[in-house]
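Read through the structure below, which is laid out as structure tokens, and then see the notes.
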Amino acid sequence: MRGTLLGIGVGPGDPELMTIKAVRAIEHVDVLAIPVSAAEEKSIAFEIVQEVCDIKDKVILPVVFSMSRVKEERLQSRKKAVERVKKELEAGRTVAMIALGDIGIYSTFMYVKKELETEFLIKMIPGIPSFCAGASKALISVVEGRESFVVMPSFQDSEQFVQALQQYDTVIVMKAGRKMKEIYDLLLKWNRLDQTTVIANCGMPSEYIGSFDVNREYGYFTTLIIK
């Protein structure tokens, strides 16, 4: 008997924002696969799961997805991650791979799914994305009525960003921490600072939700909602 692979979104950071379906699924699998960018790295997604799920009898399987700038290194780490998961599935075990936020939004799970979907049964369980959770905490909407919005995985270049500001009613920029000064200058130039909400470390102890403070230090998990 061949195993089943589940991709599970665990929400933005607050354990109470995990869905009941996600909790139940995790508690019934044999193996919990934890994506990390380096060996021995801590996983925020795993910390969330530990707070609300009974996993004492689970096999914990760290899978490394390199963030190297060298493409070949990234591809090799993905290949090894797939092989580790596949070995468990071939042994007939049910494997859950977890991810922060929603499993379908910029999730490393999708690399594994594409490689294994022709061989094994695969299921996906959604989670609450950070920008949705952040908007709720900030008491703002993402979109209303017939408004449109776009989600950018990061800040790539100023031209792309300005085009998004011009074309969409709401622009969401994820993983913006390293480019905050550049973004600030563009928002100031285009008179959009007053319409910008910063969401940093949503649902975590160091959470910040508020206006754009250019003098503040921002980390990897920083999202902007620009209305």
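One point on numbering: in the numbering used here, the residue at position 85 of the sequence shown is 85, and numbering is uninterrupted. Beta carbons are placed, not taken as given, at the ideal position from N, Cα and C, and that holds for glycine. All values reported here derive from a predicted model rather than from experimental measurement.
Run of the beta strand (DSSP E) containing residue i, from where it starts to where it stops
i	result
A99	V95 to A99
A38	Segment: none, A38 is in no beta strand (DSSP E) and carries neither H nor E.
L61	V59 to V64
V171	T170 to V173
L224	T222 to I226
A81	Per DSSP, A81 belongs to no beta strand (DSSP E); it is in the alpha helix (DSSP H), K71 to E90.
M152	F149 to M152
Residue interval of the alpha helix (DSSP H) (run including residue i)
i	result
Y184	M180 to K189
Y230	The requested residue 230 is not part of the displayed model; the chain covers only 1 to 227.
Closest residue to residue i among the options (Cα-Cα distance)
i	options	result
I96	K71, A33, V112 and K86	Note that residue 96 is Ala in the sequence shown here, rather than Ile. For the residues K71, A33, V112 and K86, the minimum Cα distance to A96 belongs to A33.
K227	Y208, L186, T170 and S107	T170
E27	E16, G3 and V59	V59
Q167	A38, V150, E182 and M180	V150
V31	R84, Y111 and R216	R84
A99	A133, F120 and V49	V49
V112	K137, G134 and K86	K86
S154	F65, G11 and F221	F221
I172	T223, R178, I183 and E72	T223
Burial state of residue i, where buried means 16 or more other Cβ atoms lie within 10 Å
i	result
M18	buried
G13	buried
I209	buried
T118	exposed
K189	exposed
I8	buried
V70	exposed
I20	exposed
Residue i, DSSP secondary structure in three states
i	result
L165	helix
V29	coil
G3	coil
K123	strand
F109	helix
I103	coil
L139	coil
A200	strand
G134	helix
G11	strand
V52	helix
I20	helix
Exercise. With contact counted as at least three CB pairs below 8 Å, one residue from each stretch, are the segment 123-143 and the segment 154-163 in contact?
Worked result: no
For this session: Report yes or no: do the segment 72-80 and the segment 98-107 share at least 3 C-beta pairs separated by less than 8 Å?
Result: no
Exercise. Touching or not, the segment 36-44 and the segment 115-130, by the rule of three or more beta carbon pairs under 8 Å?
Worked result: no
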